[in-house]
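Q: Just so it is clear: in the first sequence, position 425 is 409 by the working numbering, and no numbers are missing. The beta-carbon is built from N, C-alpha and C at its ideal position, and this holds for glycine as well. On a predicted model such as this, the values are computed, not experimentally measured, just so you know.
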Amino acid sequence: MSCTGLGLFMLYSRYFIPTIKENPSDAEVVSHQLMLRAGMIRKLASGIYNYLPLGLRSIRKFENIVREEMNRAGAIEMLMPSVQPAELWQESGRWSFYGKELLRFKDRKDAEFCMGPTHEEVITDMVRREIKSYRQMPLNFYQVQTKFRDEIRPRFGLMRGREFIMKDAYSFDVDSLAADLSYEKMFNAYMRIFERCGLNFRAVEADTGSIGGSSSHEFMVLADSGEDAIVSCDACRYAANVEKAESPLFTAHTTAAPLLLEKVSTPDKKTIAEVAEFLAVAPEATIKSMVYASDTGDLVMALLRGDHELNELKLKNHLGWDEIVMASEEQIFACTGSPVGYLGPIGLTKDIPVIADRVVQNMANVVLGANEKDQHYINGVPGRDFAVTCFADIRTVEAGDACPRCASGKLEMWRGIEVGHVFKLGIKYSKALSATYLDAQGKEQIIFMGCYGIGIGRTVAAAIEQNHDENGIIFPLPIAPFHCSVVAVNTKDAAVMAASEEIYRTLEGLGVEVLFDDRDERPGIKFKDNDLIGIPLRIVVGSKGLAEGKVEVKIRATGEMLLVPLEEVAATVRQLIDTALAGKE
RNA sequence: CGGUGAGUAGCGCAGCCUGGUAGCGCACCUGCCUUGGGAGCAGGGGGUCGCUGGUUCGAUUCCAGUCUCACCGACCA
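(1) Pop quiz: residue 371 and residue 403 are said to be a contact at Cβ under 8 angstroms. What is the actual Cβ separation, rounded to whole angstroms?
(2) Residues in the same chain with beta-carbon distance under 8 angstroms from residue 605, minus the five sequence neighbours each way, listed in chain order, please.
(3) What ranges does the alpha helix (DSSP H) occupy inside the stretch 95 to 152, keeping only unbroken runs of at least 4 residues that lie completely in it?
(4) Are the beta-carbon atoms belonging to residue 126 and residue 173 less than 8 angstroms from one another?
(5) Work out the CA separation of residue 330 and residue 137 for me, nearest whole Å.
(6) Who are the Cβ neighbours of residue 248 in its own chain at under 8 angstroms, not counting the five residues just before and after it?
(7) Could you tell me the distance, in whole angstroms, from the CA atom of residue 294 to the CA atom of residue 380?
(8) Assess, as a yes-or-no matter, whether the stretch 514 to 525 is touched by the stretch 418 to 437 under the definition of 3 or more beta carbon pairs within less than 8 angstroms.
(9) Could you spell out the range, first to last residue, of the alpha helix (DSSP H) harbouring residue 556?
(10) What's the gap between the Cα of residue 119 and the Cα of residue 73?
(11) Counting along the chain, where does the beta strand (DSSP E) carrying residue 277 start and finish?
(12) Could you give the distance in angstroms between the alpha-carbon of residue 47 and the alpha-carbon of residue 531?
(13) Could you name the residues of the same chain whose beta carbon sits closer than 7 angstroms to that of residue 77, not counting the 5 residues immediately before and after it, in chain order?
(14) Would you check if there are 3 or more beta carbon pairs closer than 8 angstroms linking the stretch 261 to 277 to the stretch 318 to 330?
(15) Apart from the five residues just before and just after residue 549, which ones in its own chain have a Cβ nearer than 7 angstroms to its Cβ?
(16) If contacts are defined as beta-carbon pairs under 8 angstroms, then residue 468 and residue 522 qualify, I think. What distance do you get, rounded to the angstrom?
(17) Taking Cβ positions, are residue 449 and residue 209 nearer each other than 8 angstroms?
(18) So, using beta-carbon positions, are residue 260 and residue 267 closer together than 8 angstroms?
(19) List the DSSP bridge partners of residue 350.
(20) For residue 23 and residue 456, what's the separation of their Cα atoms in angstroms?
(21) Run through the stretch 426 to 508 for me and flag every whole beta strand (DSSP E) of 3 or more residues, listed as ranges in chain order.
(22) Take the Cβ of residue 103 as the centre, count every other Cβ of all protein chains shown within 10 Å, and call the residue buried at 16 or more, exposed below.
(23) On the criterion of 16 or more Cβ atoms from any shown chain inside 10 Å, does residue 527 qualify as buried, or is it exposed?
(24) May I ask which residues mark the beginning and end of the beta strand (DSSP E) holding residue 305?
(25) Using only CA atoms, which one of 67, 321, 16 lies nearest to residue 7?
(26) Please report the straight-line C-alpha distance between residue -11 and residue 483, rounded to a whole angstrom.
(27) Determine the burial state of residue 237: buried for a count of at least 16 other Cβ atoms within 10 Å of its Cβ, exposed for fewer.
(28) For residue 319, which of helix, strand or coil comes out of DSSP?
(29) Please list the terminal residues of the continuous beta strand (DSSP E) segment that includes residue 35.
(30) By the DSSP assignment, the alpha helix (DSSP H) with residue 258 in it spans what residues?
(31) Using DSSP with H/G/I as helix, E/B as strand and the rest coil, what is residue 205?
(32) Can you find the residues in the same chain that come closer than 8 angstroms, C-beta to C-beta, to residue 421, ignoring five residues on each side of it along the sequence?
(33) Taking Cβ to Cβ, would you say residue 500 is nearer than 8 angstroms to residue -6?
(34) Please list the terminal residues of the continuous beta strand (DSSP E) segment that includes residue 285.
(35) Can you tell me the Cα-Cα spacing of residue 553 and residue 465, whole angstroms?
(36) Do residue 181 and residue 43 have their C-beta atoms closer together than 8 angstroms?
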């Protein structure tokens, strides 16, 4: 019997799910491998992908959750162009600041354009033209758009593409206080979005990067393959990206009596570990000195306790530099007169700022480089033996550090995938682009902005990263491409096909998204494919079960198997889906 | 852009060192067989060996250049 008759749309045999048995050699992370293997995506060029039907379905599912929650939070959907004129970017100052990541090109008239990597300029331009009065705010516009960022190193499939789908939203408020409220609304909407997807995530305090603004939170899906390190307190709500995480404020001042500074020979001992071992002291009793350079050639020396790591971002932000890199050997020699390995703050040949981590303030009798090959000092005391321009928090926090916010907590460390980011922008863009309004007194004021992004493809990838097993993807129901599949074990068995078709039609009637695996393949192939593509529920119709009037419902996530009478299966499946979605819509 | 490695059939790879006939597994097509976890047998199609140039009677193989891709460091949803 034929089941390719009219009315059955989601036939596996007529659909397009090109699965791959072997692992593609260039896929590094699980989500990338599985999305390729499950026939969700295919690469067109580096960091640029085709979304195949199955991948698109999943992406659309997530987009719609995002839309629902954005709408619920009062944001308004619109759509901005992906091609943007250079003038706007020149006006905001980012045409020069953004660098090579911004893909630029010219039209036939030689006018300059770029592929939009983000849309602050465009939305602010629209708002400045349309919004004139405090009565028109608050406003929050959002869109789901394809962005392009010419990443230096695209990788991990949809996790870090150059072209990617992003939901971005922009809020406009009369003042800082109102903007805080908009921010909070978005923060809460984001919490709901990722909770609805069943993801294990953390909202963490974050650096604002090139977007700018005063404060921001990142939404991080926890995964070992994540590109970011984050910390969270085991006692309070504090959580932050390691880039941003504050180290604990107080460390005990040493009680040791100051000893006399003394130069000692340390032949070929360059690293902290080597020096500490050679002098038989703990790394905690040493200070390491590093020289950093800005893009404009400014130099600075950073001082840290020997066992601590520098946080370059903190140092960069502290100095207010645009760029920070480790100084070259020539630059180092120019200001210390010493080769790398023996650097220290005593006897610098050039007057450069010395920034010390706060912990250093409370140390005494430390080991320091002597700015001379094979020489170190012992018993150095900050303030007595060398001057420090200022003390600042410039070290990278570690797991087990005391929480900077609460008395009792310790920091735990995780890897995370950044799937969302919310920013308080303040007036950075509205000022640059003169987006103003008249207040109740008729006085001109600058609009306060916020911006809020979610990586759509990246979130789907992160969900896979967090939900898979050796057989493939285990989609959380809310973003699964289909709720369930009907697998006809033997397509040559007319009774099996009739029953399968009946179940398929009934499920569709109940609003269930169902894929009918009608392929004339061996059962093993069908089971493997259904597992691989991660369909949450699988209904198996086989000759033996059918003889007893029963079919099988298998739950992908748990492996649990239910034998259900034929006439009840549709209702059972609907029930399972409703339960899984309960409280999530 | 810097460092490392790789480009040979749709996918995964061998061959190259030591130049002469391009090969294996999977996938694909035909037939038989098979139908509860990626079966079996038989037959078949598919490659300007990334590109350009050089050496040579002859280059997938040697040389030079070039492009592309992946991995390791700075950006970011």
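A: Well, looking at it:
(1) About 45 angstroms separates the two Cβ atoms, so there is no contact after all.
(2) Since the first residue of the chain shown is -15 and the last is 569, residue 605 is not available in this structure.
(3) 104 to 114
(4) no
(5) 41 angstroms
(6) 263, 359, 360, 361, 362
(7) 6 angstroms
(8) no
(9) 553 to 565
(10) 29 angstroms
(11) 271 to 277
(12) 43 angstroms
(13) 416
(14) yes
(15) 533, 534
(16) 7 angstroms
(17) yes
(18) yes
(19) 364
(20) 12 angstroms
(21) 428 to 430, 432 to 439, 468 to 472, 498 to 501
(22) buried
(23) exposed
(24) Run containing residue 305: none; DSSP gives neither H nor E here.
(25) 16
(26) Confidence at residue -11 is low in this model, with a pLDDT of 47, below 50, so its placement is unreliable and the value that follows should be read with caution. Each residue's Cα considered, the two are about 15 angstroms apart.
(27) exposed
(28) helix
(29) 32 to 35
(30) 256 to 262
(31) strand
(32) 115, 116, 117, 118, 120, 121, 158, 428, 429, 431
(33) yes
(34) 283 to 289
(35) 20 angstroms
(36) no
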